[in-house]
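Participant: Sending over a structure as structure tokens; questions will come in a sec.
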Amino acid sequence: MSRADSSDTAKGPPPLVTTSSSAVTKKAVGKRKRDSEIRLVPDDQRIFKSQRFYFFPNSDKHPARKLRIAKAIEFGATWESEFNESVTHIVADKSMDYGLLLKYLKKDALPPHIALVSENYPAECITFCRLLDPRQPQFKVRGYDLSAAAPPISSASSDRSLKLKPAPDSVRARQPETPVQDDRVPESPPTVSTEDGEGEEDRNPSAPPIESTAEFDAALKQARDLRHVPLDMEEDSGSRPTSSDGPATDDERPPAGSELDRRKKGKAQNYQAKFQCMHKHTGSDENPNVGTIAILQQMAEYYNQVGDEWRTRAYRKAISTLRNHPTKVWTREEALALPQIGGRLASKIEEIAYTNRLRRLDNAKAEPQDQVLQTFMQVYGAGFAQASKWVNAGYTTLDELVEKAELTPNQRIGIDHYADFNSRIPRAEVEQHGNAVRKALHKIDPAFDVIVGGSYRRGAKDSGDIDCIITRPNTDLPHIRQVVLDQLVPKLFAKRFLMAELAATSRDDGSKWHGASCIAGSSSSTGIWRRIDLLLVPSDELGAALIYFTGNDIFNRSLRLLASTKGMRLNQRGLYKDVIRGKGREKLSEGTLVEGRDEKRIFEVLGVPWRPPEHRIC
DNA sequence: CAACAGAAGCT
DNA sequence: AGCTTC
DNA sequence: GTTG
Ligand SMILES: O=c1ccn([C@H]2C[C@H](O)[C@@H](COP(=O)(O)OP(=O)(O)OP(=O)(O)O)O2)c(=O)[nH]1
Ligand SMILES: [Mg+2]
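Residues in the first sequence are numbered consecutively from 762, following the numbering used here.
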């Protein structure tokens, strides 16, 4: 249970605070303290001069809202750390409503001189370079009736359903009439290909779960949410390109009918349950909780867009367990019994089950802004922070970014090859790229090995990129690095196979190279730029490197979490034991190497039953 | 109440 | 040190 | 958001 924030739907107000101690100067015109200075725009542009803003929630803890507050200050606003009568504007998150605000302020109504506006207000004003009329419908806050002198409190309180947590604000700026026009994205939306998760059936009847399974499971649970939940939208396909970020779709499936009887209900059942990750959800029909899941997914998506990483994870965890739950969950108690579902989610689940919807989300999501943000975040080299800035700056298309925004070289490449980088690579083409690398390398020194890892090694029918492990028996890293950097890469560039360098390892340390490659010739894939990753690994580390580079990411995290619970540490070089961790799991000693060379032995030491790459999908 | 994997490269 | 990616 |  979390008590940390007492606030939620019913009771407490959102955790504002900010000010109190020292976080912010009382009436900050700029908050000193941590980001020391916010540079104000020239005096004549300070459209918010002498305006006093109070945000709701009023904390700058979350990344996106922080940005917005900073922006307002930049344009002359004073940020009131506490509510008082001098406030001129209250800027409320989309997820908030009038009722919540009143409740928090302990008031029956808002003084008429204070303007209540929604979160997009500051950005709009900045866009138009002037103070806009707060009464415009676009700035309306739910439950706040502008026409009524004293808006009834009831309006809002009535809609106590699932409220969004005071989250970091969602970034928004001017509203584009035209969403993002990506001319760069031909037909295939940069989106995720709908995945057909099918690679699930675990075979492994033979390997009954050993004890450690439980631990691994636990670890796995913690980790799996991280992955972008694969939403399978079979039917609703066309409708939404969102799916958050993931190119996560693997549909890796073991070639043959791996389906084996799942005999042994007992442990096998248990075992199975834990590894739901390799679960297929093939039919959209078969899960009784689809409705609930859909809504929770929207919530997760919302929090994701708002930059609330951990809450997003929590939602995804819950979604994951719901997805594997065979029966429809109706009540709070029922939900509470499930792993990764606590009191808050349990209540929400119950409510969703009955009402089948979530009102809070209505205004907070699916706004055009979200689409823009999504689009920007899919630019290679741009993450949440950068995409938010762009959105806040008012950009709405990729073209606009190219024209007006400052881009890093990688971001420029990311935009120029936006469609390419966001499309899946057919398995056969992955092979071609791998072969090109291998062939060139063998010409330099036939003793080298190239292993294509990533989703390819897991058996996926298509991949997001090409992950190559480059190694050589009895060879150390410096030598491998030298060959790769001094010979292989230049050679592949000369052959016009490599087209760009996105991240290179420095000459004397480092072990990876990231760039873009392209197959010449005349196939359907000709001319498409692909991201390619080279991982340079000395022979002693091959096992650990294989685990790392084979993934999937969720699997890795779960394994690493498990290791840490055993006083060990797993990374791409090896498994270490007797790791000393200080406060906050901080690594104090490297620990001593246990195993790095043999993939299987790492599993053994960790007490995890071996699973082939195809089964490492969580 | 802190942890939720662990690391590398770029800006 | 923050951001982004693997 | 949930968990140890
Ligand atoms: O956050 C991450 C991302 C990736 N990896 C590992 C696992 C993953 O399998 C491998 C390659 O990364 P990539 O992003 O290419 O993922 P993938 O599994 O190959 O999927 P995709 O088909 O999108 O390339 O690196 C991690 O450990 N953590
Ligand atoms: Mg990959």
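Note that beta-carbon positions come from the ideal geometry of N, C-alpha and C, so glycine has one too.
In this text the structure is predicted, and so the values were computed from the model without any measurement.
Between which two residues does the alpha helix (DSSP H) carrying residue 1325 extend?
Facilitator: 1314-1326 is the extent of the alpha helix (DSSP H) around residue 1325.
Participant: Anything with a beta carbon under 6 Å from a heavy atom of ligand 2 counts; list them all in chain order.
Facilitator: Ordered along the chain, the selected set is 1215, 1216, 1224, 1225, 1226 and 1228.
Participant: Run the CB neighbour count on residue 879, radius 10 Å, all protein chains shown included, and call it buried at 16 or more, exposed below.
Facilitator: So residue 879 ends up on the buried side.
Participant: Could you pull the start and end residues of the alpha helix (DSSP H) that residue 1087 belongs to?
Facilitator: First-last for residue 1087: undefined, no H or E at that position.
Participant: What runs of the alpha helix (DSSP H), each 4 residues or longer, lie entirely inside the segment 1197-1264?
Facilitator: List check, alpha helix (DSSP H) in window: 1215-1218, 1238-1244 and 1250-1255.
Participant: Within the same chain, show all residues whose beta-carbon is closer than 7 Å to that of residue 1163, passing over the 5 residues directly before and after it, in chain order.
Facilitator: 1176, listed in sequence order.
Participant: Quick check: what's the CA-CA separation for residue 1309 versus residue 1057?
Facilitator: Their backbone Cα atoms lie some 30 Å apart in a straight line.
Participant: Note down the Cα distance separating residue 1114 from residue 860, rounded to an integer number of angstroms.
Facilitator: Rounded to the nearest angstrom, the two C-alpha atoms are 24 Å apart.
Participant: Report all residues from its chain with a CB closer than 8 Å to the CB of residue 847; omit the five preceding and five following residues, and keep chain order.
Facilitator: Closer than 8 Å at Cβ, skipping near neighbours: 813 and 841.
Participant: Spatial neighbours of residue 914 within its chain, please: CB distance less than 7 Å, with the 5 preceding and 5 following residues excluded, ordered by chain position.
Facilitator: Bear in mind that a pLDDT of 34 at residue 914, under 50, signals an unreliable position, so the number given afterwards is only what the model happens to contain. So the qualifying residues of the chain are 860, 863 and 869.
Participant: Looking at C-alpha atoms only, which residue of 810, 809, 857 and 837 is the closest neighbour of residue 819?
Facilitator: Out of 810, 809, 857 and 837, 857 has the C-alpha closest to the C-alpha of residue 819.
Participant: Does the beta-carbon of residue 1335 have 16 or more other beta-carbons within 10 angstroms, so that it is buried, or is it exposed?
Facilitator: Label assigned to residue 1335: buried.
Participant: Between residue 1247 and ligand 1, is there a pair consisting of the residue's CB and a ligand heavy atom that are separated by less than 7 Å?
Facilitator: Residue 1247: no, Cβ never under 7 Å from ligand 1.
Participant: Write down every uninterrupted run of the alpha helix (DSSP H) in the segment 828-913 whose length is 4 residues or greater and which is fully enclosed by it, in chain order.
Facilitator: Runs found: 859-866 and 882-889.
Participant: Examine ligand 1 and report whether any of its heavy atoms sits within less than 7 Å of the Cβ of residue 1309.
Facilitator: The answer is yes for residue 1309.
Participant: Tell me whether the beta-carbon of residue 1378 lies closer than 8 Å to the beta-carbon of residue 1219.
Facilitator: In this structure, residue 1219 lies closer than 8 Å to residue 1378 by Cβ.
Participant: Let's test the definition: count the other Cβ atoms within 10 Å of the Cβ of residue 1165 and tell me whether it reaches 16, buried, or not, exposed.
Facilitator: The residue is exposed, with fewer than 16 neighbouring Cβ atoms inside 10 Å.
Participant: Enumerate, from N- to C-terminal direction, the unbroken alpha helix (DSSP H) stretches of 4 or more residues contained entirely within the segment 1044-1109.
Facilitator: 1051-1066, 1070-1085 and 1093-1097, all fully within the segment 1044-1109.
Participant: Quick check: what's the CA-CA separation for residue 1078 versus residue 1098?
Facilitator: Their backbone Cα atoms lie some 14 Å apart in a straight line.
Participant: Taking the alpha-carbon of residue 902 as reference, which of 888, 872 and 851 has the nearest alpha-carbon?
Facilitator: Ranking 888, 872 and 851 by Cα distance to residue 902 puts 851 first.
Participant: In the DSSP assignment, find the unbroken alpha helix (DSSP H) run with residue 1363 in it and report its ends.
Facilitator: Taken as a continuous stretch (DSSP letters only), the alpha helix (DSSP H) holding residue 1363 covers 1360-1367.
Participant: What separation, rounded to the nearest whole angstrom, lies between the Cα atoms of residue 1361 and residue 1317?
Facilitator: Roughly 14 Å separates the two Cα atoms.
Participant: Using a Cβ-Cβ cut-off of 8 Å (strictly less than) and excluding sequence neighbours within five positions of residue 893, which residues of its own chain qualify?
Facilitator: 882, 885, 886 and 900.
Participant: If you measure from the CB of residue 854, is any heavy atom of ligand 1 nearer than 7 Å?
Facilitator: Every heavy atom of ligand 1 is 7 Å or more from the Cβ of residue 854, so no.
Participant: To the nearest whole angstrom, what separates the beta carbons of residue 1297 and residue 1241, a pair I think is in contact under 8 Å?
Facilitator: 5 Å between Cβ atoms; contact.
Participant: Less than 7 Å between C-beta atoms, sequence neighbours within five positions excluded: which residues of the same chain meet that for residue 1281?
Facilitator: Only 1257 and 1287 meet the Cβ criterion.
Participant: May I ask which residues mark the beginning and end of the alpha helix (DSSP H) holding residue 1340?
Facilitator: Element bounds for residue 1340: n/a, residue is neither H nor E.
Participant: Over the uninterrupted beta strand (DSSP E) stretch that includes residue 1293, give me the two end residues.
Facilitator: 1291-1299 is the span of the beta strand (DSSP E), which, as asked, contains residue 1293.
Participant: Could you give the DSSP three-state label for residue 816: helix, strand or coil?
Facilitator: Note: residue 816 maps to strand in three-state DSSP.
Participant: Looking at the unbroken alpha helix (DSSP H) that takes in residue 1175, where does it start and where does it end?
Facilitator: Residues 1170-1177.
Participant: Given the structure, does residue 1183 come close to ligand 1, in the sense that its CB is under 7 Å from one of the ligand's heavy atoms?
Facilitator: No, the beta carbon of residue 1183 sits no closer than 7 Å to any heavy atom of ligand 1.
Participant: Is the separation between the beta-carbon of residue 1321 and that of residue 1352 shorter than 8 Å?
Facilitator: No. Outside cutoff.
Participant: Measuring alpha carbon to alpha carbon, tell me which residue in 1082, 1324, 1203 and 865 is nearest residue 817.
Facilitator: Nearest C-alpha to residue 817: 865.
Participant: Do the segment 1174-1188 and the segment 1137-1144 touch if we need at least three Cβ pairs shorter than 8 Å?
Facilitator: Flag = yes, the segment 1174-1188 and the segment 1137-1144 touch.
Participant: How is residue 1354 classed by DSSP in three states: helix, strand or coil?
Facilitator: DSSP places residue 1354 in strand when its eight states are reduced to three.
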